[in-house]
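**Student:** Pasting a structure below so you can have a look.
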Amino acid sequence: MNDHKHKSDKPEAATEAPVSLDFIRAIITEDITNNKNGGRVHTRFPPEPNGYLHIGHAKSICLNFGLARQYGGLCNLRFDDTNPTKEESHYVESIQKDVRWLGFDWEDRLFYASDYYDQLHEFALKLIRDGKAYVDDLSADEIREYRGTLTEPGTPSPYRDRPVEENLDLFGRMRAGEFPDGSRVLRAKIDMASGNVNLRDPVLYRILRATHHRTGDKWCIYPMYDWAHGQSDSIEGITHSICTLEFEDHRPLYDWFIEQLGIHHPQQIEFAPLNLSYTVLSKRKLLQLVKEKHIGGWDDPRMPTISGLRRRGYTPSAIRNFCDRIGVAKRDSTVDVALLEHCLREDLNKSSARVMGVLRPLKVVIDNYPKGQVEELEAVNNPEDPSAGIRKVPFSRELFIEREDFMEDPPKKFYRLSPGREVRLRYAYFITCTDVIKNADGEIVELHCTYDPATRGGDSPDGRKVKATMHWVSAAHAREVEVRLYDYLFTKEDPLAVADGENWLDNLNPGSLEVVAGCRVEPALAVAKAGDRFQFERLGYFCVDPDSTPGKLVFNRTVTLRDTWAKIQQKQ
RNA sequence: UGGGGCGUCGUCAAGCGGUAAGACACAAGCCUUUGGAGCUUGCAUUCCCAGGUUCGAAUCCUGGCGCCCCAGCCA
73 MNDHKHKSDK PEAATEAPVS LDFIRAIITE DITNNKNGGR VHTRFPPEPN
123 GYLHIGHAKS ICLNFGLARQ YGGLCNLRFD DTNPTKEESH YVESIQKDVR
173 WLGFDWEDRL FYASDYYDQL HEFALKLIRD GKAYVDDLSA DEIREYRGTL
223 TEPGTPSPYR DRPVEENLDL FGRMRAGEFP DGSRVLRAKI DMASGNVNLR
273 DPVLYRILRA THHRTGDKWC IYPMYDWAHG QSDSIEGITH SICTLEFEDH
323 RPLYDWFIEQ LGIHHPQQIE FAPLNLSYTV LSKRKLLQLV KEKHIGGWDD
373 PRMPTISGLR RRGYTPSAIR NFCDRIGVAK RDSTVDVALL EHCLREDLNK
423 SSARVMGVLR PLKVVIDNYP KGQVEELEAV NNPEDPSAGI RKVPFSRELF
473 IEREDFMEDP PKKFYRLSPG REVRLRYAYF ITCTDVIKNA DGEIVELHCT
523 YDPATRGGDS PDGRKVKATM HWVSAAHARE VEVRLYDYLF TKEDPLAVAD
573 GENWLDNLNP GSLEVVAGCR VEPALAVAKA GDRFQFERLG YFCVDPDSTP
623 GKLVFNRTVT LRDTWAKIQQ KQ
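Mapped onto my numbering, the consecutive letters of the first sequence carry residue numbers 73 to 644.
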């Protein structure tokens, strides 16, 4: 293409998308141009089934499946199940559910590293025959000592130069179960002096009498991840093995294996894993939170797990959108959790039905409203989506409003209800506060107001304005529900940054969950089902929790609405 | 002189020798029957630092500095 010839061609230049590719897409685009792998793009998402997926995995899932979709390729789901002591089929089920929920499909390409145990065993035999692997009798501690340090080379094991026949015999007997757990390992014979510790004769197989979630007791030796991972990718014909940064120095090892074996060579590309402010994303730590019961479980709505986010009320598209927006690069980074929340609100704003709910009810009596009268007022279901239609909301003489929407002695910028002030009740009437009733302790227990019948629906014929519009609920018609309010699980932007003598659990936010009982919602919500999402006007987005029973609904607050008033208050 | 990576706005992130995109956050204003949503505007004279090459450098070279990862028979 001659750029100069097209420079004057403005219309075309203008319509051309100024696509900037992230470094991975740049590599893949280049590979396709060069017809590498015949132009094929085949990725995979390779979780270990030892825990639940979290938002960091979502980044990888969106990347791998997204790449396949974008380039007309395929993406496999493969469980890297090489450690039976930590893996459970319970986890493989949750992982599949989560990937599907996120909107991705591996079709018929569901694999397990354990599918390849026989092949991997053959590969090991080849290495031994080629004099590239040996059985080592050193103990785990000895192996560590012989490995050297980061600055000093390692020392060869005294068993390093065993003859091939002896290695073959010993490895066969390892597999046959003749030796106790941990007594011997199979090691690759590479370079004990390498500056890259991964190349100092890494362990390929260990003896482990543990029942595997899929292969049962067929094996008593199990491949190490490093020995299984690259070859699994190779076997599946993966073209681009995308993984996180910490595997960068494993790449020379994987390349060595592939080369010794003479098999298909996937290209490994490493990217920076996701970090999120106010959030912990380490499987080990998440497991600890669950095991020590600091939260309710893997799907606790405060957890950054996919199942937690789902229960909290997140949508798959909000998460996907977030993953698109954070980009992919190699530098360490921590994404502001506010971006995740922004993506969430953006999605929920468009799709959620509006509804009125009062978290902390304050009774209001409309003195001049006829006793016993009930009006069905029209309310818009979603101003962002006219097709969502309208609904009827009952109005009567006794109502509940939000406690914090009334102040007896309001500060300057508070323009909600206060004595003598007129406000609008959304879709209903203008009301004016005439009296404040208190109990013996001086707490406000009830308000008396008058309404202007001419303002039915919320507009005044005389054109007079009102500063505030408030949500409300008819006392006699409202349903009582429980609402769970969530805040960040950690009080620190970086939960792992701790002072001496403290640990990260000290940063747990004691106020991350607030259960509010006695909330009232409009009657239309009575039929809501677990998982249904709503916007409670002026408050936020809420989602019906599976803990709900037919008699009592439980709502999770997914995220608040942006709250300008709260900001003003903070400044004051 | 152990090896491997990375350093562009408060946070992500484009940029690939031609004179700093975009998003979030933040700020101001408009609009509003959600103090919601939406809209407008502002927000890096400068790219970790120092030299050098060049008419011209965030981009090239040299030397520093800083941060992250690696010494599981975990993944």
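Yeah, the Cβ is synthetic: ideal placement off N, Cα and C, and Gly gets one too.
(1) By Cβ distance, which residues of its chain are closer than 7 Å to H336, with the 5 residues on each side in sequence left out?
(2) Please tell me whether P388 and G128 are closer than 8 Å, where the distance is taken between their beta carbons.
(3) Rank A569, W178 and A638 by C-alpha distance to the C-alpha of Y350 and give the top, closest one.
(4) Would you mind sorting G189 into buried or exposed? The rule is 16 or more other CB atoms within 10 Å of its CB.
(5) Select from A282, Q642 and M375 the residue whose C-alpha is nearest the C-alpha of G249.
(6) By the 10 Å Cβ neighbour count, where 16 or more other Cβ atoms means buried, how is N511 classified, buried or exposed?
(7) Based on the DSSP secondary-structure assignment, which residues constitute the bridge partners of L149?
(8) Under 8 Å, do E594 and A550 count as touching if we go by C-beta distance?
(9) Flag this pair as yes or no: are the beta carbons of R475 and L519 separated by less than 8 Å?
(10) My output table needs one value for A512: the three-state DSSP class, helix, strand or coil.
(11) Between the stretch 119 to 135 and the stretch 320 to 330, can you find at least three pairs of beta-carbon atoms closer than 8 Å?
(12) From L412 to D419, what distance separates their C-alpha atoms?
(13) Among L240, L210, N270 and V269, which one has its Cα closest to the Cα of R256?
(14) Output the distance between the C-alpha atoms of K204 and F243, rounded to the nearest integer angstrom.
(15) Grouping DSSP H, G and I as helix and E and B as strand, with all else coil, what is Q644?
(16) Can you tell which of A130, D404, A600 and G535 has its C-alpha closest to the C-alpha of Y386?
(17) What's the gap between the Cα of E320 and the Cα of D170?
(18) Is V570 helix, strand or coil when you go by DSSP?
(19) For R629, name the three-state secondary structure that DSSP assigns.
(20) Please determine if the stretch 488 to 502 and the stretch 525 to 537 are in contact, where contact requires at least 3 C-beta pairs separated by less than 8 Å.
(21) Is the Cβ-Cβ distance between V352 and P567 less than 8 Å?
(22) Please report the distance separating the alpha-carbon of Y613 from that of G111.
(23) Taking only three categories from DSSP, how would you classify D419?
(24) Relative to the C-alpha of R150, which candidate in A300, N106, E224 and G492 has its C-alpha closest?
(25) Run the CB neighbour count on N440, radius 10 Å, all protein chains shown included, and call it buried at 16 or more, exposed below.
(26) Can you tell me which of V164, L449 and F627 puts its alpha carbon nearest to the alpha carbon of I462?
(27) Are the CB atoms of A185 and S304 nearer to each other than 8 Å?
(28) Which residue marks the beginning of the beta strand (DSSP E) containing F243, and which one marks its end?
(29) Determine which residues share a DSSP beta bridge with A260 and list them.
(30) When we look at the beta-carbon of T87 and count the other beta-carbons within 10 Å, is it buried (16 or more) or exposed?
(31) Buried or exposed for F627, please, with buried defined as at least 16 other CB atoms from any protein chain shown within 10 angstroms of its CB.
(32) Taking the C-alpha atoms as reference points, what is the distance between L421 and E456?
(33) Tell me whether the stretch 268 to 277 and the stretch 210 to 230 touch, counting them as touching only if at least three CB pairs, one residue from each stretch, are closer than 8 Å.
(34) Exposed or buried, which one is D371 when buried takes at least 16 other CB atoms within 10 Å?
(35) Leaving out the 5 sequence neighbours to the left and right, which residues in its chain are closer than 8 Å to S80 when beta-carbon positions are compared?
(36) Is the CB-CB distance between Y206 and R232 below 8 Å?
**Tutor:** In terms of the structure at hand:
(1) By the criterion of a C-beta distance shorter than 7 Å, H336 is surrounded in its chain by S306 and G309, once the five residues flanking it on both sides are discounted.
(2) Taking 8 Å as the cut-off, the Cβ atoms of P388 and G128 do not count as close.
(3) With distances taken between CA atoms, Y350 lies nearest to A569 out of A569, W178 and A638.
(4) Here residue 189 is Tyr; the residue named in the question, Gly, does not match the sequence. Burial call: buried.
(5) If we check each option's Cα against that of G249, A282 comes out closest.
(6) For N511, the number of other beta carbons within 10 angstroms of its own is below 16, and it is reported as exposed.
(7) Partner(s): F117 and L182.
(8) Yes, the pair counts as a contact, with Cβ atoms nearer than the cut-off.
(9) It is not a contact, given that the beta carbons lie outside the stated cut-off.
(10) In the structure shown, A512 falls within a coil segment according to DSSP collapsed to helix, strand and coil.
(11) The stretch 320 to 330 makes no contact with the stretch 119 to 135; the number of CB pairs closer than 8 Å stays below 3.
(12) If you draw a straight line from the Cα of L412 to the Cα of D419, it comes to about 11 Å.
(13) Among L240, L210, N270 and V269, the Cα nearest to that of R256 is on L210.
(14) Cα to Cα, K204 sits roughly 13 Å from F243.
(15) Coil, per DSSP.
(16) Considering only alpha carbons, the answer is A130.
(17) So the two alpha carbons sit approximately 27 Å from each other.
(18) If DSSP states are grouped into helix, strand and coil, V570 belongs with coil.
(19) R629 carries a strand assignment under DSSP once its states are collapsed to helix, strand and coil.
(20) Taking 8 Å as the limit for Cβ pairs, the verdict is that the stretch 525 to 537 does touch the stretch 488 to 502.
(21) In contact: V352 and P567 (Cβ atoms closer than 8 Å).
(22) Taking the Cα positions, Y613 is about 45 Å away from G111.
(23) DSSP places D419 in helix when its eight states are reduced to three.
(24) Closest by alpha carbon: A300.
(25) For N440, the number of other beta carbons within 10 angstroms of its own is below 16, and it is reported as exposed.
(26) When only C-alpha atoms are compared, the closest one is L449.
(27) Annotated as proximal: A185 and S304, with beta-carbon spacing under 8 Å.
(28) Run containing F243: none in the beta strand (DSSP E); it sits in the alpha helix (DSSP H), V236 to A248.
(29) Bridge partners of A260: A205.
(30) Because the pLDDT at T87 is just 39, under 50, the model does not fix this residue reliably, and the value given afterwards should be weighed accordingly. Exposed is the call here.
(31) When all chains shown are included, F627 counts as buried.
(32) In the sequence as displayed, the identity of residue 421 is Asn instead of Leu. So the alpha carbons of these two residues sit roughly 7 Å apart.
(33) When C-beta atoms of the stretch 268 to 277 are compared with those of the stretch 210 to 230, three or more pairs fall below 8 Å, so the two segments count as touching.
(34) Its Cβ being crowded by 16 or more others within 10 Å, D371 is buried.
(35) Note that S80 scores 35 on pLDDT, short of 50, meaning its location in the model is unreliable; the coordinates nonetheless yield the value given after this. For S80, there are no CB contacts under 8 Å within the same chain when 5 residues up- and downstream are skipped.
(36) Cβ atoms of Y206 and R232: closer than 8 Å.
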